[in-house]
Amino acid sequence: MMTKLEKNILNSFNEVIEHLSNSEGRNALQGMQRGIEREALRINGSGELATDRHPQALGSALTHSRITTDYSESLLEFITPVYKDIDNLLQDLTYTHAFTVQNLDNQRLWPVSMPCYVGDVKDIPIANYGISNPGMMKSLYRKGLTYRYGAQMQIISGVHFNFSVSNELWNNLYSYSGSSLSKSDFISESYLGLIRNYRRMVWVLPYLFGASPALCSSFIKQQETDIPFEKMGKGTLYLPYATSLRMSDLGYTNKEQEQLNISYDSLDKYLAGMKIAIGKSSKNFEEIGVKVDGEYRQLNANVLQIENEFYSPIRAKRVTENGEKPSEALARAGIEYIEVRALDVNPYSPIGIEASQVRFLDLFLLHCLLNTAPASDANQETEISSNLSRVILEGRKPGLELSRNGESITLSAWMNQLFDDLERLSVLLDDGSDGAYHQALIRWRAAVDDPERSISGLIMKELKSAQTDHGYWVKALAETYFNTLNEYPLPESVEQQYRQAAAESIEKQRVMEVETNQSFDAFLAEYFAEPSSEVKTQVSNA
């Protein structure tokens, strides 16, 4: 039985959907914009981590807009521009993958989130961005992550999905709401409402798209864990009903950050929380030291060295202008888009994500946006964390129960209610098209009724059927995708664009290094000083 709050939320959602059901509303809904960031480890032909420098043919990882590195020289990151059309978005990402593979000197891309076999964590090379001050700062930030959390955690890969709705939809919703806020404030508060609802429902994403139910035992050989793993083959650890070990305590977690309690109730509260986190000293990180015997170990000893260290399954974002940190951009002009960070790499796609996932994300995020989004108290925050943890570790368990507003509900019942709402949205988005959103819902709703049709379910079914180690299975996939992408026919004009971008990025880094005329100590002091300085733009996406 639904609570009074749930009935009010449902009525509100139905009213908004009804309001948007005319041609103007449908067109406004269909104007979503998306971007994708996909991470992938480079491996050699034996399936081991490639430890050489970032290939020069790919350009400068410091200044290239599409091909860069994340934590390690071995961890590539591919970034698309923003697209309205899903096919164009995925085509762009495919081009980037193909150009990269064709210039990797016979190396492959590891097609899952959890890392390949690593014999010694000391062999994981921290990303090198050259000798300019911005480049050295990016490398030092990663060095700090190594001291704080270890290198192994930092080479976990993921897919980030950037999402925004059209200005036409904002105009429509702003008028419909009758809000007394400015339009900019209305947009920010609405995106924060999306974030609040997303956090309540984020468990849906690892259930459907989680792709790390198993991992190589080498990943945890130096870690303590209470996870009751089972073993398969020579070195595969797994949980029978797990969905995304990447999002468990083995993955991107930070015990220091658990005490921050950053609020999403308003932009002012969010920014205030981030300011405290960046300025709050950590006793554990102080013990590491900042500059020891003349050598830096981390940028500072605060809970967060910089804002990007805040580990969250979703972030509020705005493109920065010259001289801005991310929070300064948000304070200046509000939230522009959101970044979904709860996606494992899909091993069944050579580019880590496929179209039906993108369409589901569109529907899911619109659902989060168009629903009433009440603030959460401490009990609800505990409920959010508990639901997510359950789904991560045992999401495919038959009859699994979660907690919704303090009352038990089965995962399948909750998801079926969600899919009923998403069906209503799909009708609006499919208007005048081929029904692709409806087909995406059919594809993923099948995983609600049969957990083995989720990505994690498919993986475990394959591993158990073949009785093979996870690493062997992934290595075979890497080989298949290497052949596919290595033979992918890049249009001559596209290949030329990538080669030109690589050359221009190398030259841009060279100029930055030649023009460096400030000591690194002074550069860091200026970066962290108030007000912000021009140098910040060059490292704002560290």
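The opening position of the sequence shown corresponds to residue 63 in the working numbering, with each subsequent residue numbered one higher.
Glycine included, every Cβ here is placed at the ideal spot set by N, Cα and C.
Nothing here was measured: the structure is a model prediction, and the numbers come from that model.
| Item | Value |
| --- | --- |
| Opening and closing residue of the beta strand (DSSP E) in which K459 lies | Counting along the chain, K459 falls outside any beta strand (DSSP E), and DSSP gives it neither H nor E. |
| Endpoints, the beta strand (DSSP E) within which G97 is located | Q95 to I105 |
| Touching by the beta-carbon criterion (3+ pairs, under 8 Å), the region 275-289 and the region 322-334 | no |
| Backbone CA spacing between K69 and N76 [nearest angstrom] | Confidence at K69 is low in this model, with a pLDDT of 41, below 50, so its placement is unreliable and no value can be given for it. |
| Within the region 380-416, ranges of the beta strand (DSSP E) (whole runs, at least 3 residues) | 399-405 |
| Residue closest to N545, alpha-carbon to alpha-carbon, out of R115, R170, S74 and I129 | R170 |
| Beta-carbon spacing of L490, R210 below 8 Å | no |
| Residues near K459 by beta carbon distance below 6 Å, same chain, minus five either side | Y303 |
| Integer Cβ distance of V510 from M477, believed to fall under 8 Å | 5 Å |
| Inter-residue Cα distance where the pair is R100 and D147 | 18 Å |
| Cut-off 7 Å between Cβ atoms - residues of its own chain near P161, not counting five sequence neighbours on either side | The sequence given here has Phe at residue 161, not Pro. Excluding sequence neighbours, F161 sits near L552, E557 and Y560. |
| Segment contact flag, the region 517-526 with the region 268-278, C-beta cutoff 8 Å, min 3 pairs | yes |
| Contact under 8 Å by Cβ, F225 with I397 | no |
| Neighbour flag for E566 against chain C, beta carbons, 8 Å | Looking at the structure shown, chain C is missing, and only one protein chain is on hand. |
| Selection from L120, V352, E383 and R421 that minimises the alpha carbon distance to D496 | R421 |
| Straight-line gap, S108 to R128 (C-alpha atoms, nearest Å) | 27 Å |
| Reference N346; option with closest CA among D330, Q319 and T113 | Q319 |
| Expected contact under 8 Å - CB spacing of A393 and L333 to nearest Å | 6 Å |
| Option in I186, P513 and V352 with minimal Cα separation from G457 | P513 |
| Alpha-carbon spacing of D185 relative to N467, whole angstroms | 47 Å |
| Among V266, L235, S194 and N84, nearest to L586 - alpha-carbon criterion | S194 |
| C-alpha gap between L405 and L307, whole angstroms | 12 Å |
| Beta bridge counterpart(s) of C430 as assigned by DSSP | C430 is not bridged to any residue. |
| Three-state class that DSSP yields for N370 in the structure shown | helix |
| Rounded Cβ spacing between Y503 and E485 (contact assumed at less than 8 Å) | For the record, residue 503 in the displayed sequence is Leu; it is not Tyr. Yes, L503 and E485 are in contact; Cβ-Cβ is about 6 Å, under 8 Å. |
| Alpha carbon of L254 to alpha carbon of P275, nearest angstrom | 31 Å |
| For K353, the residue or residues it bridges with in DSSP | Y358 |
| Exposure label - E596; buried when at least 16 CB within 10 Å | Summary for E596: the model assigns pLDDT 45, below 50, so the residue's position carries little reliability; its value from the coordinates is reported in the next sentence. By the 10 Å Cβ count, E596 comes out exposed. |
| Contacts around D32, its chain only, beta-carbon distance under 6 Å, and the 5 residues preceding and following it disregarded | Given that the chain is displayed from residue 63 to residue 604, the structure contains no residue 32 and the question cannot be resolved. |
| Beta-carbon spacing of V402, V174 below 8 Å | no |
| Beta strand (DSSP E) segment containing L277, residue limits | A276 to C278 |
| Candidates H81, G181 and V144, of which the one nearest E110 by Cα | G181 |
| Status (buried if at least 16 other CB within 10 Å, exposed otherwise) for D531 | buried |
| N579 to M198 span [Cα, whole Å] | 14 Å |
| Limits of the beta strand (DSSP E) - the one that T158 falls within | Counting along the chain, T158 falls outside any beta strand (DSSP E), though it belongs to the alpha helix (DSSP H) covering I148 to V163. |
| Of the listed residues V381, S85 and P412, nearest to A540 (C-alpha basis) | P412 |
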